[in-house]
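Residue numbers (the working numbering), protein chains in the order written: chain A, 1 to 185; chain B, 1001 to 1185. Below is one structure, written out as structure tokens, with a few remarks after it.
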DNA sequence: CAGAATTCGAGGGCACCCTCGACTTAACCG
DNA sequence: CGGTTAAGTCGAGGGTGCCCTCGAATTCTG
């Protein structure tokens, strides 16, 4: 499916990877809204070159986040392997928000309306799939409130994104309280 | 303390109140970051006139929010009058976030770093004072987790502000779960 | 009616977006 | 090799949206 066009010229390939590295770092540090100029500057490349390689911010995100989002699969698999449904569910949440806390870009991606990049969207959906199974399992085991849904988790994720952004030291405490509220009565 | 300068000219007084009405409406609808131009336009006044009356956004906020924040006192008093400490505490939270849900500007004020307007700051502190008493009472009665603090409530408020902003229909559900997590074990 | 107060909005400043044509350079070929 | 050329790089600059100022024009008030 890849339209194998001829390989990039050496300088172009070099610049492309400098751009990816710069964007990845800045997204993680500052969130996905960093000015394009900053990315170009950090990559030591002109703004025109940035746009040559990635005509839109979405392109850049599509090149960076699928790899990051793969971490969702890892923690999802790990949680699914846990035989205790409650433990699996809570550890999943903890792992998820730990990821977000380490990467403000990821935090943004998961909290906002998704970008128009199909690769990013599908990676997110995979993550959500795991979460849905974990929720179902925990409800069936009678340990999680029966009315909890993936929608509630999305809400929680946006709330958590906010907490992470402006008091990164407190998110675990906040989550702990929330999770306590989720136990089946 | 008011430097009773001579009264405003008739047209100036009229414009001032049109500006206040416009700003109050727009702050409530769109949050405190609405462009100054929009406020002037809604007030049918030029941008220069707006700045004549309110040289900074803070000035405008200081003229508008203290009145709104008085509602905090009302719900605080009401809650303090409630003999059941748990009920008082939870109703207070519900009332508080209901206020925020009705007024995005209030939502912003309570969620972010406060503006430099002393009047706004002191009104907020009064509100927080009530909350502190409610928390202490509920902890002493053994119904609220002993380690819950006003700081946690601030965190919750920022999280709730986020939830209110992007899914106004869901905040009560979110709060219910959270509150459930707050009961003393 | 004079003079002070108020109003108006064009416009300068800033930060960000993105484009485009002139310049540079890697890659390939005789 | 040196030459040719397509590919790539560069950054000035135009567009947008917001901030805020200031001098000319207007309008109250006594």
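Note that beta-carbon positions come from the ideal geometry of N, C-alpha and C, so glycine has one too.
Residue i versus residue j - alpha carbon distance
i              : j              : result
residue 155/A  : residue 6/A    : 45 Å
residue 153/A  : residue 27/A   : 24 Å
residue 1095/B : residue 81/A   : 42 Å
residue 1181/B : residue 184/A  : 11 Å
residue 17/A   : residue 53/A   : 10 Å
residue 1020/B : residue 1141/B : 44 Å
residue 1169/B : residue 1098/B : 11 Å
residue 130/A  : residue 84/A   : 15 Å
residue 1116/B : residue 1008/B : 25 Å
residue 1062/B : residue 1039/B : 15 Å
residue 159/A  : residue 151/A  : 12 Å
residue 1025/B : residue 1157/B : 22 Å
residue 1010/B : residue 1067/B : 24 Å
Minimum C-alpha distance to residue i - residue among the options
i              : options                  : result
residue 1091/B : 1078/B, 1100/B, 1102/B   : 1078/B
residue 56/A   : 87/A, 33/A, 41/A, 141/A  : 33/A
residue 148/A  : 89/A, 54/A, 125/A        : 89/A
residue 110/A  : 69/A, 142/A, 19/A        : 69/A
residue 1023/B : 1042/B, 1011/B, 1008/B   : 1042/B
residue 51/A   : 66/A, 65/A, 35/A         : 35/A
residue 119/A  : 128/A, 144/A, 93/A, 65/A : 65/A
residue 1059/B : 1121/B, 1177/B, 1127/B   : 1121/B
residue 86/A   : 93/A, 143/A, 67/A, 158/A : 143/A
residue 126/A  : 159/A, 11/A, 76/A, 158/A : 76/A
residue 1167/B : 167/A, 112/A, 128/A      : 112/A
Same chain only: Cβ atoms within 8 Å of residue i, ignoring 5 sequence neighbours per side
i              : result
residue 29/A   : 104
residue 107/A  : 31, 100, 101, 161, 164, 165
residue 124/A  : 69, 72, 109, 110, 114
residue 1177/B : none
residue 1015/B : 1043, 1045, 1049, 1053
residue 179/A  : 90, 93
residue 12/A   : 53
Per DSSP, the bridge partner or partners of residue i
i              : result
residue 1183/B : 1144/B
Neighbourhood of residue i by C-beta distance below 6 Å, restricted to the same chain and skipping five residues each side
i              : result
residue 1139/B : 1146
residue 2/A    : Its pLDDT being 48, under 50, residue 2/A is placed unreliably in this model, and the value from its coordinates should be taken loosely. Cβ neighbours of residue 2/A beyond the five flanking positions: none.
Residues near residue i by beta carbon distance below 7 Å, same chain, minus five either side
i              : result
residue 1037/B : 1047
residue 1128/B : 1150
residue 1074/B : none
request  = Specify whether the region 1125-1139 of chain B and the region 1160-1180 of chain B touch according to this definition: at least 3 beta carbon pairs, one from each stretch, less than 8 Å apart.
outcome  = Not touching, per the Cβ criterion.
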